[in-house]
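Printed below as a string of structure tokens:
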């Protein structure tokens, strides 16, 4: 496999925010993530695609420090990923995880967990509500919201701590187009404010909208990586070509 | 919200304390189920309490357990009916002195059908032997109580092997008098009971008194002040005033005055 | 069984007419049991939540012990508390034997394992759902426990009710440590035992029915609170 460590087309000198080095994760004797090398640069949005079971969600969790790698590692600004680094990251899950409290209660909880001092929380919560367009629903039970509203709230909770990097695991997989659009709008706003996003998606259109670069995973390895448009328009690797043509790709062929 | 819940719980707990910490003077009397179940205490205690202002708290258990509780110091006065055990209690230093209070008698009750044919017998030992001979069900307390001890004394005069009979026609309940009567009536068996409990008992079924009037069925109650020299916290003064009152003309009259269905249950005989 | 109905109506009439003795007994039952359950929750909820939310050495053994303790025989607990509180026992100086406090203590020992063991299960399930989000947000340990308890509050109400049911129906322990002393430690269950031993079976049964009605009312009240709160507020 080619070395895909650095796919930053412009070769901009921005120092890497996060790097994975030979990242490997195994379970039940199988290497589910197998020697992945990636570099995340500030402001450069990444989309991750790949078939089911390719290890997309695992990769996100490893980068976010929710899982411990079997081999290799994750570097944050050149150093080991520690609690302080974790505080500069956030994650949105495929199914929004919301506490059994009001919308405002969820935001306050996230702000408190992020160490935001008590007196600053109301203003920050207001800000997050506005960002998620949920101001009118502040007192509603979070788990009674619609799917789109729930995911916007989850996103607002993740952004409430003002992270540098935001990981999103198929954030719109179960949403209709309008709700998907609303979530992507929030992502765009966050990006405009300097948040670097890493989004796992099954949707090539979404990959183009929320990614500058694309990483295509196949069986725990990076099959291809590079600027999203050029990759999707002219895939070079077998797996990605098969994917874009809607074929089933089998490694033996 | 959580703070609120904690405060509420604290308040509830605080509310439960006054009964424990109440300054009102009280004594604890370790006594037997027969005196409580018959209703005697409900009759006489208000008179003592009205006269002295001392609250009497009765723990009613089998005589054996009452004596053990008193040995542990969990009571100020012992009021039971097992003369030999009471005298041993005093001899071992756990009590100051033992006084006769009152007596009633034991009776053998059984089903009206009377399968062993003991109805009308006066010789209680012969009656028990006859029940054993007939293999008729006999239900015993089996709990080391005063009544159980009295029953054991009668059996020991027969040549019946209770060890062997136990579980067969001889059934030991290991329970109080009332529970044993309930079981005996349910099984249609014979039961030795004190007369007071029997008269006041509410679930007689077809059972009735079959054997009575034997001198060996005499049931003497005694009262003992728990020795403050052994258990320093014993309320000797209040306890002694209760003992004195029970033995006084007033207390004895109160005991004599307790009747159920027109029958006197206990006969005072303090000296 | 005309006698039974008669006794039952008698018991109900006593309550309706405000029979002071009966109300005193019912009041003490509720006070003792609710205090015991409340204190058991103070201990059992955090304990169960910690066992349910974290992995640590000995965790499985602890869960096992908590589950086993749910089956503690009340009489054994009563005896244990009696031996502790007896004038000859290590805590005899406190003079708590034959007081409502002793009964509360015995019931706490019975109820705390139930609360802790059931809480562990509830919290473990909820933690499955929350664990990654908590880790992602960097929620601290004690905040996790608090959040899990708070978010499981409606399920935990049912847990508390299970404890209440065990405590209010229990007779073996309170009889030994309370002594069933009239006006001091006489509660519903010991009264039922006493009336049974007096052969007043119908009255005992009627009192049992009254106890059932009380337990029903307490459960209904808690469930109503839960239902409305859930409906109005949080799913």
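Residue numbers (the working numbering), protein chains in the order written: chain A, 70 to 322; chain B, 646 to 916; chain C, 106 to 340.
By construction, the Cβ of each residue, glycine as well, lies at the ideal position given by its N, Cα and C atoms.
These numbers were taken from a predicted model, which means no experiment stands behind them.
Identify every residue that forms a DSSP beta bridge with residue i.
i	result
residue 145 (chain A)	A:87 and A:148
residue 637 (chain B)	The structure shown does not extend to residue 637 (chain B), since chain B spans only 646 to 916, so no value can be given for it.
residue 95 (chain A)	A:100
residue 701 (chain B)	B:672
residue 744 (chain B)	B:868
residue 853 (chain B)	B:755
residue 904 (chain B)	B:909
residue 117 (chain A)	A:269 and A:284
residue 291 (chain A)	A:286
residue 160 (chain A)	A:236
residue 725 (chain B)	B:867
residue 140 (chain A)	A:93
Give the residues of chain C in contact with residue i, contact being defined as C-beta atoms less than 7 Å apart.
i	result
residue 846 (chain B)	303 and 304
residue 159 (chain A)	241
Would you mind telling me which residues of chain C sit closer than 8 Å to residue i, beta carbon to beta carbon, in chain order?
i	result
residue 166 (chain A)	234, 235, 237 and 238
residue 285 (chain A)	Neighbours of residue 285 (chain A) on chain C: none; closest Cβ ~25 Å, over 8 Å.
Alpha carbon to alpha carbon, how far is residue i from residue j?
i	j	result
residue 280 (chain A)	residue 206 (chain A)	30 Å
residue 202 (chain C)	residue 164 (chain A)	55 Å
residue 151 (chain A)	residue 214 (chain A)	34 Å
residue 363 (chain C)	residue 133 (chain C)	Limits of chain C in this structure are 106 at one end and 340 at the other, which puts residue 363 (chain C) out of reach.
residue 245 (chain A)	residue 220 (chain A)	12 Å
residue 289 (chain A)	residue 91 (chain A)	11 Å
residue 900 (chain B)	residue 323 (chain C)	43 Å
residue 169 (chain A)	residue 331 (chain C)	14 Å
residue 306 (chain C)	residue 186 (chain C)	30 Å
residue 309 (chain A)	residue 270 (chain A)	14 Å
residue 299 (chain C)	residue 682 (chain B)	7 Å
residue 761 (chain B)	residue 886 (chain B)	48 Å
residue 119 (chain A)	residue 154 (chain C)	39 Å
residue 253 (chain A)	residue 230 (chain A)	19 Å
residue 132 (chain A)	residue 143 (chain A)	6 Å
residue 287 (chain C)	residue 703 (chain B)	7 Å
residue 130 (chain A)	residue 145 (chain C)	39 Å
residue 852 (chain B)	residue 808 (chain B)	26 Å
residue 902 (chain B)	residue 746 (chain B)	14 Å
residue 128 (chain A)	residue 180 (chain C)	57 Å
residue 850 (chain B)	residue 832 (chain B)	11 Å
residue 859 (chain B)	residue 751 (chain B)	9 Å
residue 176 (chain C)	residue 213 (chain C)	14 Å
residue 260 (chain C)	residue 811 (chain B)	50 Å
residue 203 (chain A)	residue 196 (chain A)	10 Å
residue 258 (chain A)	residue 134 (chain A)	25 Å
residue 75 (chain A)	residue 303 (chain A)	Note that residue 75 (chain A) scores 47 on pLDDT, short of 50, meaning its location in the model is unreliable; the coordinates nonetheless yield the value given after this. Cα to Cα, the separation comes out at about 19 Å.
residue 240 (chain A)	residue 268 (chain A)	8 Å
Closer than 9 Å by beta-carbon distance: list the chain C residues that pair up with residue i, in chain order.
i	result
residue 878 (chain B)	192, 197, 198 and 200
residue 864 (chain B)	Those do not exist, as residue 864 (chain B) stays about 18 Å from chain C at its closest Cβ, beyond 9 Å.
residue 826 (chain B)	302 and 304
residue 162 (chain A)	237, 238 and 241
Interface residues of chain B around residue i at Cβ under 7 Å?
i	result
residue 286 (chain C)	702, 703 and 704
residue 203 (chain C)	673, 702 and 704
Find the residues of chain A that neighbour residue i, judging by a C-beta separation of less than 9 Å, and give them in chain order.
i	result
residue 256 (chain C)	168, 169 and 170
residue 248 (chain C)	178, 181 and 182
I want to verify the contact list: residues of chain A whose CB lies under 8 Å from the CB of residue i, in sequence order.
i	result
residue 252 (chain C)	168 and 178
residue 276 (chain C)	The premise fails here: residue 276 (chain C) is roughly 38 Å from chain A at the closest Cβ pair, so nothing lies under 8 Å.
Quick one: which chain A residues come within Cβ less than 7 Å of residue i?
i	result
residue 264 (chain C)	Here the premise fails: no neighbours, minimum Cβ distance about 16 Å.
*chain C contacts made by the stretch 667-687 of chain B, where a contact means CB separation under 7 Å*: For the stretch 667-687 of chain B, which is checked against every Cβ of chain C, the residues closer than 7 Å are 673, 678 and 682.
*Check each residue of the stretch 172-204 of chain A: if its Cβ is closer than 9 Å to any Cβ of chain C, include it; give the result in chain order.*
Hits within the stretch, in order: 174, 178, 179, 181, 182, 183 and 184.
_Residue ranges of each beta strand (DSSP E) within the stretch 234-286 of chain C, 3 or longer_ = Taking only runs of at least 3 residues, no beta strand (DSSP E) segment lies wholly in the stretch 234-286 of chain C.
*Give the residues from the stretch 707-720 of chain B that approach chain C closer than 9 Å (Cβ to any Cβ), ordered along the chain.*
Residues passing the 9 Å Cβ filter: 714, 716, 717, 718, 719 and 720.
*Relative to chain C, which residues along the stretch 141-155 of chain A have a C-beta separation below 8 Å, given in chain order?*
For chain C, the residues of the stretch 141-155 of chain A that bring a beta carbon within less than 8 Å of one of its beta carbons are 152 and 155, in chain order.
*Which residues, in chain order, does the stretch 183-195 of chain C contribute to contact with chain B at a C-beta distance below 7 Å?*
Flagged, chain order: 191, 192 and 193.
*Near-chain C residues of the stretch 104-135 of chain A - C-beta to any C-beta below 9 Å*: Under the 9 Å Cβ criterion, the stretch 104-135 of chain A contributes 130, 133, 134 and 135.
_4-residue-minimum alpha helix (DSSP H) runs that sit fully inside the stretch 172-240 of chain C, ordered along the chain_ = Within the stretch 172-240 of chain C, the complete alpha helix (DSSP H) runs of at least 4 residues fall at 179-190.
_Can you pull out the residues from the stretch 317-332 of chain C whose beta carbon lies closer than 8 Å to at least one beta carbon of chain A?_
Along the stretch 317-332 of chain C, none of the residues has a CB nearer than 8 Å to a CB of chain A.
*Which runs of the alpha helix (DSSP H) fall wholly inside the stretch 181-266 of chain A and span at least 4 residues, in chain order?*
Complete alpha helix (DSSP H) runs here, min 4: 190-200, 216-229 and 246-261.
*What are the complete alpha helix (DSSP H) segments, minimum 4 residues, inside the stretch 789-844 of chain B?*
The stretch 789-844 of chain B contains these whole alpha helix (DSSP H) runs: 791-801, 807-810 and 822-832.
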